[in-house]
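Asks: Heads up: the first sequence runs through residues 4 to 423, numbered per our numbering. We put the beta carbon where it would ideally sit given N, CA and C, even for glycine. The structure displayed is predicted, hence computed values, not measured ones. Mind looking over this structure? Questions follow.
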Amino acid sequence: MLFTKTRREAPSDEQSKNAVLLIRAGYIHKEIAGVYSYLPLGLRVLNNIIGIIREEMNTLGGQEVFLTTLQDPNKWKTSGRWDDDVIDIWFKTKLKNGGPLGLANTHEEAITSLMSEHIASYKDLPRYVYQFQNKFRNETRAKSGIMRTREFIMKDLYSFSADKAQHEEFYERATQAYERIFSRVDIGERTYRTFASGGSFSKYSHEFQTLCDAGEDTIFFDKEKKLAINKEVYNDEDVYKTAGVHKENLNEARAAEVGNIFNLGTKFSEVLGLHYTNERGEQVPVYMGSYGIGPARLMGVIAEIFSDDKGLVWPEAIAPFDVHLVSLAGNNERIREYADLLYEEMVTKGISVLYDDRNVRAGEKFTDSDLLGIPRRIIIGKDAVDTEMIEIVNRATGETMRITREAVLALARDDKKNNL
RNA sequence: CGGGGUGUAGUGUAGUGGUAGCACGAGUCCUUUGGGAGGAUUUAUCCCGAGUUCGAAUCUCGGCACCCCGACCA
4 MLFTKTRREA PSDEQSKNAV LLIRAGYIHK EIAGVYSYLP LGLRVLNNII GIIREEMNTL
64 GGQEVFLTTL QDPNKWKTSG RWDDDVIDIW FKTKLKNGGP LGLANTHEEA ITSLMSEHIA
124 SYKDLPRYVY QFQNKFRNET RAKSGIMRTR EFIMKDLYSF SADKAQHEEF YERATQAYER
184 IFSRVDIGER TYRTFASGGS FSKYSHEFQT LCDAGEDTIF FDKEKKLAIN KEVYNDEDVY
244 KTAGVHKENL NEARAAEVGN IFNLGTKFSE VLGLHYTNER GEQVPVYMGS YGIGPARLMG
304 VIAEIFSDDK GLVWPEAIAP FDVHLVSLAG NNERIREYAD LLYEEMVTKG ISVLYDDRNV
364 RAGEKFTDSD LLGIPRRIII GKDAVDTEMI EIVNRATGET MRITREAVLA LARDDKKNNL
């Protein structure tokens with residue numbers, strides 16, 4: 004049984020829709036401003052999102068690692084980014100002996116330095132390394148619930164290529180992987196590859212911006228071409244040539260940045276000593292790129308988009324459970340046994356089920372179920388036991404159907420696209 | 001970091017100087033059981049510190065926390 008409780012009322016210290024719903028439904032807990040804990044339901048959603056990203060990163064040939072949160076100041080001094088004037092969102096701390104230490108706000112320094120132990124020849128390239136790791140950023144203002152926090156999980160992939168051509172080939176594949184990820188979590192249609200102000204080795208970087216009122220960015224998008232221009236480079240005439248869009252075809256909208264990809268060039272490899280020997284025996288700096296997605300921010304954006312006045316409405320791919328089994332047994336033993344048995348059978352079939360067997364009134368259960376937003380609700384009351392037909396409700400559409408017990412047990416993952 | 005606002009039971013709130021109240025939740029008992037049900041009863045160092053006052057949740061000063069707008073977001 005879930006230890007989390009739902010709340011009837013919105014927390015007084017939150018305004019943003021994603022935080023209000025996620026807290027009311029017991030998915031997350033606010034520790035302090037911009038710092039959130041993930042509770043069982045929220046963690047399941049987050050892990051489902053991470054799972055999808057991980058699959059796509061592996062498909063790209065990415066190898067997963069887990070770097071440290073505690074960072075060596077020396078590497079950051081080498082890259083010139085230790086100073087608070089350069090990076091103003093540092094969280095810094097000290098060792099027992101007084102030595103300085105930083106909490107990671109990104110991992111270019113650490114990964115570049117690490118890879119220098121493993122990349123020595125052109126034969127060692129290209130390489131793609133990624134992780135899901137916590138980043139700490141001392142934001143002056145946390146906002147928008149879990150969309151902009153001071154501690155957050157991030158998927159960061161780093162590419163190590165021999166030259167610009169090899170890099171660009173991967174960059175394009177990474178873009179496609181990102182598009183697959185966003186479409187798998189059902190925001191593909193409203194997510195635009197966006198030209199934004201740039202990296203160090205290219206005039207523009209690419210962001211993936213999802214149309215969303217709660218977003219912090221303003222973009223100008225071309226619906227046909229599926230491209231957009233971030234407002235920050237809107238007045239730069241070159242960007243239209245580069246992007247291949249025409250200013251007059253663009254629509255303005257608020258959007259949330261759900262991913263970004265940067266061409267890092269040799270900026271980090273040069274200073275941190277990541278060189279390889281090419282075919283002619285020359286020492287050459289490795290050509291790098293970085294590719295980020297914030298799974299928690301993504302979860303927040305999805306909560307913003309897929310919700311209604313009753314609560315959350317999760318896309319199937321990331322819902323915490325496939326089915327919400329609501330038993331209306333009360334003190335009726337027959338109904339209870341029927342629901343218990345059905346639950347056991349569904350779990351055995353591999354269906355992930357959240358079972359609400361609390362002895363509370365039906366209205367409260369339905370309201371909670373709406374709030375939690377699990378795609379399908381199965382209701383077991385007198386009718387089910389008497390008629391052997393089981394009521395199933397689609398959370399998104401509100402559609403109600405009565406199906407046989409066999410059909411319920413066929414709801415296992417592979418059979419999910421049967422429009423129930 | 002500039003500007004504005006708010007801190008009162010677990011949650012949401014009322015209370016502008018004189019006995020801290022309401023709703024929900026939670027505990028116990030009875031009834032109830034297909035869209036947050038009814039009755040009885042229990043549930044608070046009013047964010048922290050200092051000050052003004054016979055008396056402070058309320059006024060003053062300082063601090064802290066939280067929200068919103070803006071700036072920032074490598």
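Taking the continuous beta strand (DSSP E) assigned at PRO103, which residues delimit it?
Replies: From DSSP, the beta strand (DSSP E) with PRO103 extends over 103-106.
Asks: Please return the same chain residues whose Cβ sits closer than 8 angstroms to the Cβ of ALA123, not counting the five positions on each side in sequence.
Replies: These residues qualify, in order along the chain: TYR279, THR280.
Asks: Tell me where the alpha helix (DSSP H) around GLU394 begins and ends.
Replies: Counting along the chain, GLU394 falls outside any alpha helix (DSSP H), though it belongs to the beta strand (DSSP E) covering 392-397.
Asks: Among THR96, LYS126, ARG47, whose alpha-carbon lies nearest the alpha-carbon of TRP317?
Replies: With distances taken between Cα atoms, TRP317 lies closest to ARG47.
Asks: Beta-carbon within less than 6 angstroms of GLY218's beta-carbon, same chain only, minus the 5 sequence neighbours each way: which residues are those?
Replies: Taken in chain order, the residues that qualify are ARG257, ALA258, ALA259.
Asks: Going by CA-CA distance only, name the one from ASP75, ILE354, ILE305 that's closest to ALA415.
Replies: Checked all of ASP75, ILE354, ILE305; the closest Cα to ALA415 is ILE354.
Asks: Counting pairs of Cβ atoms below 8 angstroms between the stretch 100-117 and the stretch 39-56, do you hit three or more?
Replies: Too few Cβ pairs lie closer than 8 angstroms, so no.
Asks: According to DSSP, is GLN179 part of a helix, a strand, or is it coil?
Replies: Looking at GLN179 - three-state DSSP - the assignment turns out to be helix.
Asks: Can you grab the Cα-Cα spacing for the pair ASN422 / GLY333, in whole Å?
Replies: Unreliable positioning characterises ASN422 in this predicted model, as indicated by a pLDDT of 47, which lies under 50. A coordinate reading is not provided.
Asks: Spatial neighbours of LEU427 within its chain, please: C-beta separation below 6 angstroms, excluding the five flanking residues on both sides.
Replies: Residue 427 lies beyond the residue range present for the chain, which begins at 4 and ends at 423; the question has no answer from this structure.
Asks: Under a Cβ-count criterion, where at least 16 other Cβ atoms within 10 Å of its own Cβ denotes burial, should MET404 be classed as buried or exposed?
Replies: MET404 comes out exposed.
Asks: Going by CA-CA distance only, name the one from SER164, ILE92, GLN169, TYR161 that's closest to THR143.
Replies: Ranking the options by Cα distance to THR143, first place goes to ILE92.
Asks: Given this structure, state the Cα-to-Cα distance separating SER19 from LYS226, to the nearest angstrom.
Replies: C-alpha separation (whole angstroms): 27 angstroms.
Asks: How is TYR358 classed by DSSP in three states: helix, strand or coil?
Replies: Three-state result, TYR358: strand.
Asks: Can you tell me whether DSSP reads PHE2 as helix, strand or coil?
Replies: Since the first and last residues shown for the chain are 4 and 423, residue 2 lies out of range.
Asks: Closest by CA to ILE149, which one among VAL38, ALA413, ASN238?
Replies: Selected option, being the one with the closest Cα: VAL38.
Asks: Hey, which unbroken runs of the alpha helix (DSSP H) at 4 residues or more fall wholly within the stretch 240-311?
Replies: As far as the stretch 240-311 is concerned, its whole alpha helix (DSSP H) runs of at least 4 residues are 241-246, 270-275, 298-308.
Asks: When you compare only the Cα positions, how much space is there between TYR131 and ALA107?
Replies: The alpha-carbon atoms of TYR131 and ALA107 are separated by roughly 20 angstroms.
Asks: Find the nearest neighbour of ASN263 within the set ILE395, PRO323, ASP16, GLU175, judged by alpha-carbon distance.
Replies: Nearest C-alpha to ASN263: GLU175.
Asks: Can you tell me whether ASN464 is helix, strand or coil according to DSSP?
Replies: For the chain, the structure presents residues 4 to 423; residue 464 sits outside this window and is missing.
Asks: For GLY268 and LYS146, I'd like the C-alpha separation in whole angstroms.
Replies: The straight-line gap from Cα to Cα measures roughly 32 angstroms.
Asks: Does DSSP classify GLU210 as helix, strand or coil?
Replies: In this structure, GLU210 counts as strand in the three-state DSSP scheme.
Asks: Can you tell me where the beta strand (DSSP E) with GLU34 in it begins and where it stops?
Replies: 31-35 is the span of the beta strand (DSSP E), which, as asked, contains GLU34.
Asks: Determine the extent of the alpha helix (DSSP H) in which LEU344 is found, giving its start and end residues.
Replies: Run containing LEU344: 336-351, per the alpha helix (DSSP H) assignment.
Asks: Assign ILE377 to one of three DSSP states: helix, strand, or coil.
Replies: Coil.
Asks: Quick one: what does DSSP say GLY314 is sitting in, helix, strand or coil?
Replies: It is a strand residue.
Asks: Take the Cβ of SER310 as the centre, count every other Cβ of all protein chains shown within 10 Å, and call the residue buried at 16 or more, exposed below.
Replies: Buried: at least 16 other Cβ atoms inside 10 Å.
Asks: Going by DSSP, what residues sit across from ALA190 in a beta bridge?
Replies: Per the sequence presented here, residue 190 reads as Ile, with Ala not at that position. Note: ILE190 sits in no beta bridge, so no partner.
Asks: Along the chain, where does the alpha helix (DSSP H) containing MET118 start, and where does it finish?
Replies: Its alpha helix (DSSP H) spans residues 111-118.
Asks: Quick one: which unbroken alpha helix (DSSP H) runs of 4-plus residues sit fully inside the stretch 22-94? Chain order, please.
Replies: As far as the stretch 22-94 is concerned, its whole alpha helix (DSSP H) runs of at least 4 residues are 43-62, 76-82.
Asks: Enumerate in chain order the residues of its own chain whose CB-to-CB distance from ALA410 is below 6 angstroms, with the five nearest sequence positions on each side excluded.
Replies: None.
Asks: Nearest to ALA299 by alpha carbon, out of LEU42, ASP389, ARG10?
Replies: Here the closest residue by C-alpha is LEU42.
Asks: Contact defined as beta carbons within less than 8 angstroms: I believe PHE173 pairs with SER162. What is the distance between those atoms, to the nearest angstrom?
Replies: Correct: roughly 5 angstroms between the Cβ atoms.
Asks: Please go through the same chain and pick out, in chain order, the residues whose beta-carbon is closer than 8 angstroms to the beta-carbon of ALA177, but skip the five residues on each side of it.
Replies: Around ALA177: LEU63, LEU160, SER162, ILE264, GLY292, TYR294.
Asks: By Cβ distance, which residues of its chain are closer than 8 angstroms to PHE139, with the 5 residues on each side in sequence left out?
Replies: The residues are THR72, PHE94, LEU106, ALA107, ASN108, ARG153, GLU154.
Asks: Measuring CB to CB, does ASN233 end up less than 8 angstroms from GLU210?
Replies: In this structure, GLU210 lies closer than 8 angstroms to ASN233 by Cβ.
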